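Numbering of the sequence shown is given in numbering that gives the first Met the number 0, commencing with residue 0 and proceeding in unit increments. We put the CB at the ideal spot given by N, CA and C, even for glycine. In this text the structure is predicted, and so the values were computed from the model without any measurement. These notes are about the structure you will find just below.
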Amino acid sequence: MHITKLDIETVTRLADAPTRSDPRVEMAARLPASLQPFLTWLTAKPAPGEPAAPRPPVSYVREAVLLVLGGCAASSLAMAVLPLDSVAFWALLFCGLLATSSGLGLFQVVIFHHCSHGTVFSTRERNRMVGRWVSAILLFKHFDMYQREHMLHHNANKLFTDDDEFTDFVVGICDLHTALDRRALWRKLLILLVSPWFHGRFMVKRIQGSLMSKERRHNLIGLGVWGTLLIGGLLLHVLPIVLVAWVLPVTVLLQIATVFRILCEHRLPSAEIIALRGKQLVCEATAGVFPGRYPPPARQSTLRRLGGWTLWWADMLTIQLFVRVFVLVGDAPCHDFHHRRPGKRWTDYTHARQSDADAGCPGFPANYVESWGLFTAIDQNFAAMARAPADLFG
0 MHITKLDIET
10 VTRLADAPTR
20 SDPRVEMAAR
30 LPASLQPFLT
40 WLTAKPAPGE
50 PAAPRPPVSY
60 VREAVLLVLG
70 GCAASSLAMA
80 VLPLDSVAFW
90 ALLFCGLLAT
100 SSGLGLFQVV
110 IFHHCSHGTV
120 FSTRERNRMV
130 GRWVSAILLF
140 KHFDMYQREH
150 MLHHNANKLF
160 TDDDEFTDFV
170 VGICDLHTAL
180 DRRALWRKLL
190 ILLVSPWFHG
200 RFMVKRIQGS
210 LMSKERRHNL
220 IGLGVWGTLL
230 IGGLLLHVLP
240 IVLVAWVLPV
250 TVLLQIATVF
260 RILCEHRLPS
270 AEIIALRGKQ
280 LVCEATAGVF
290 PGRYPPPARQ
300 STLRRLGGWT
310 LWWADMLTIQ
320 LFVRVFVLVG
330 DAPCHDFHHR
340 RPGKRWTDYT
350 HARQSDADAG
360 CPGFPANYVE
370 SWGLFTAIDQ
380 NFAAMARAPA
390 DLFG
């Protein structure tokens with residue numbers, strides 16, 4: 000058998016790759032096979048040896064549309080039919096708002112974002128057209144402007160500079176600065192999430208970027224859609240339903256999810272790494288963020304084991320499920336894979352990232368790093384910001 004240099008390099012890299020050990024491996028080993036597809040979706044991590052299940056990009060568009068329409072319908076039904084003081088009203092309204100917010104997150108994180116990379120539809124024109132409609136209707140920055148800024152964000156020479164959209168958001172919109180201690184950063188975050196001033200300022204910036212862009216046609220589309228919704232709701236005496244079922248998710252709820260997502264998808268490296276730039280910066284500036292945690296220890300008494308599994312499932316089916324549906328939608332948990340391989344297999348992000356990690360991430364000086372749990376990831380980022388010099392962002 001003829002062995003090539005490439006074969007030797009591949010075997011060497013696979014030998015050097017670390018043995019996989021993470022909560023998902025434990026879940027696969029200790030839970031029934033029937034639960035594994037759900038756990039793969041929930042954690043955004045495949046079980047060892049699990050085959051990939053590719054899906055076409057347009058399926059994400061269908062999913063987003065169905066979630067938004069279904070969520071708006073559920074919220075509207077709750078407000079129109081059920082008594083305000085009933086449990087059913089609040090349960091249906093919560094589910095409706097969550098579904099709508101999840102669909103809007105998919106439009107933002109997956110469709111709008113990947114249209115800017117030209118990878119949702121087969122032609123550049125179709126990606127651009129859909130991206131423009133999304134930015135006009137959902138009050139995102141004009142698609143063309145976003146696309147230009149986002150390409151800079153993928154440039155290691157621009158990451159964490161004044162030209163970077165991440166820096167602009169964290170410092171310019173959220174007013175979170177380096178050298179503050181971790182508790183101060185958490186305190187500022189919790190205050191701004193419930194601050195009308197923050198949400199109003201964020202909303203004004205979105206309206207300026209969307210409805211006051213340099214393209215008149217784009218602005219008129221957005222104004223026409225929003226004018227029709229609000230005036231129609233007023234004339235039909237259903238304006239309160241429109242405000243709760245549609246306006247609330249598009250504004251406050253989407254903005255809260257955006258803050259959490261952006262604060263976890265990038266991690267601030269040391270000032271020395273930022274100064275050096277290059278691929279090492281890309282490796283250290285991003286991390287996978289996966290909903291979930293290790294199952295309870297196996298060697299416990301029956302009572303402790305029962306209590307441990309009860310608490311574990313309660314966490315997975317409440318906090319972690321909410322995080323996956325509301326914040327870490329689509330391929331957001333694998334944002335580090337997107338920065339390393341922006342044009343590769345994003346529709347099969349869970350298996351693509353894991354395959355790349357198992358191979359040692361060829362072409363990069365360091366393999367992937369990851370955090371389990373949204374709040375753990377944000378806390379780690381805040382710790383990095385606290386260690387950074389006060390003038391890091393200028």
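Could you tell me the boundaries of the beta strand (DSSP E) in which residue i lies?
i	result
residue 288	287 to 289
residue 369	369 to 371
Roughly how many angstroms lie between the CA atoms of residue i and residue j, to the nearest whole one?
i	j	result
residue 296	residue 316	19 Å
residue 151	residue 236	46 Å
residue 220	residue 122	22 Å
residue 8	residue 365	A caution first: residue 8 carries a pLDDT of 41, below 50, which makes its placement in the model too unreliable to give a value.
residue 191	residue 298	44 Å
residue 45	residue 38	8 Å
residue 302	residue 294	15 Å
residue 50	residue 148	36 Å
residue 57	residue 106	12 Å
residue 256	residue 112	16 Å
residue 135	residue 334	25 Å
residue 380	residue 164	17 Å
residue 344	residue 351	6 Å
residue 211	residue 201	15 Å
residue 100	residue 66	8 Å
residue 242	residue 198	16 Å
residue 262	residue 375	11 Å
residue 77	residue 196	29 Å
residue 6	residue 18	For residue 6, the predicted model reports a pLDDT of 43, less than 50, meaning its position is unreliable; a value from the coordinates is still stated below. Approximately 20 Å between the Cα atoms of the pair.
residue 89	residue 279	48 Å
residue 137	residue 63	13 Å
residue 402	residue 20	Nothing in the structure corresponds to residue 402, since the chain is present only between 0 and 393.
residue 239	residue 70	16 Å
residue 248	residue 133	15 Å
residue 209	residue 229	18 Å
residue 81	residue 310	33 Å
residue 363	residue 270	20 Å
residue 358	residue 367	11 Å
residue 169	residue 372	20 Å
residue 183	residue 254	21 Å
residue 231	residue 68	17 Å
residue 276	residue 284	10 Å
residue 166	residue 389	14 Å
residue 26	residue 382	29 Å
residue 126	residue 84	45 Å
Thinking just about the alpha-carbon of each residue, which of the options is nearest to the one in residue i?
i	options	result
residue 181	377, 291 and 239	377
residue 385	267, 275, 313 and 372	267
residue 124	164, 186 and 143	143
residue 104	30, 328, 205 and 261	328
residue 250	193, 310 and 28	193
residue 387	272, 138, 258 and 156	272
residue 53	348, 367, 374 and 213	348
residue 48	28, 232 and 227	28
residue 286	127, 26 and 332	332
residue 244	72, 26 and 55	72
residue 356	282, 35, 172 and 322	282
residue 117	146, 246, 224 and 320	146
residue 214	83, 141, 321 and 91	141
residue 203	265, 86, 185 and 172	172
residue 321	158, 340, 291 and 175	291
Just to check my reading of the structure: residue i and residue j have Cβ atoms closer than 8 Å, yes? What is that Cβ distance to the nearest angstrom?
i	j	result
residue 394	residue 95	Not covered by the structure: residue 394. The range shown for the chain is 0 to 393.
residue 43	residue 336	At roughly 10 Å, the Cβ-Cβ gap does not stay under 8 Å, so residue 43 and residue 336 are not in contact.
residue 391	residue 177	5 Å
residue 205	residue 139	7 Å
residue 153	residue 338	7 Å
residue 330	residue 60	Not a contact, Cβ separation roughly 14 Å.
residue 353	residue 41	That pair is no contact at about 15 Å.
Locate the alpha helix (DSSP H) running through residue i, then write down its first and last residues.
i	result
residue 121	Counting along the chain, residue 121 falls outside any alpha helix (DSSP H), and DSSP gives it neither H nor E.
residue 212	That residue, residue 212, is in no alpha helix (DSSP H); it is neither H nor E in DSSP.
residue 74	57 to 80
residue 25	22 to 29
residue 116	From DSSP, residue 116 is part of no alpha helix (DSSP H); its letter is neither H nor E.
residue 174	Residue 174 -> no alpha helix (DSSP H), and no H or E assigned at all.
residue 355	348 to 357
residue 392	Premise fails: residue 392 is in no alpha helix (DSSP H) and is neither H nor E.
residue 36	35 to 42
residue 157	Where residue 157 is concerned, there is no enclosing alpha helix (DSSP H), given that its DSSP letter is neither H nor E.
residue 99	86 to 105
residue 276	Run containing residue 276: none; DSSP gives neither H nor E here.
residue 142	142 to 152
residue 183	181 to 192
Measuring only from the beta carbon, is residue i closer than 7 Å to any heavy atom that is part of the ligand SAM?
i	result
residue 30	This structure lacks the ligand SAM; in fact it carries no ligand of any kind.
Counting only runs of 4+ residues fully inside the region 291 to 345, write out the alpha helix (DSSP H) ranges in chain order. 301 to 314, 320 to 325 and 334 to 339
Going residue by residue through the region 241 to 272, where are the continuous alpha helix (DSSP H) segments of at least 4 residues, counting only ones entirely within it? 253 to 264
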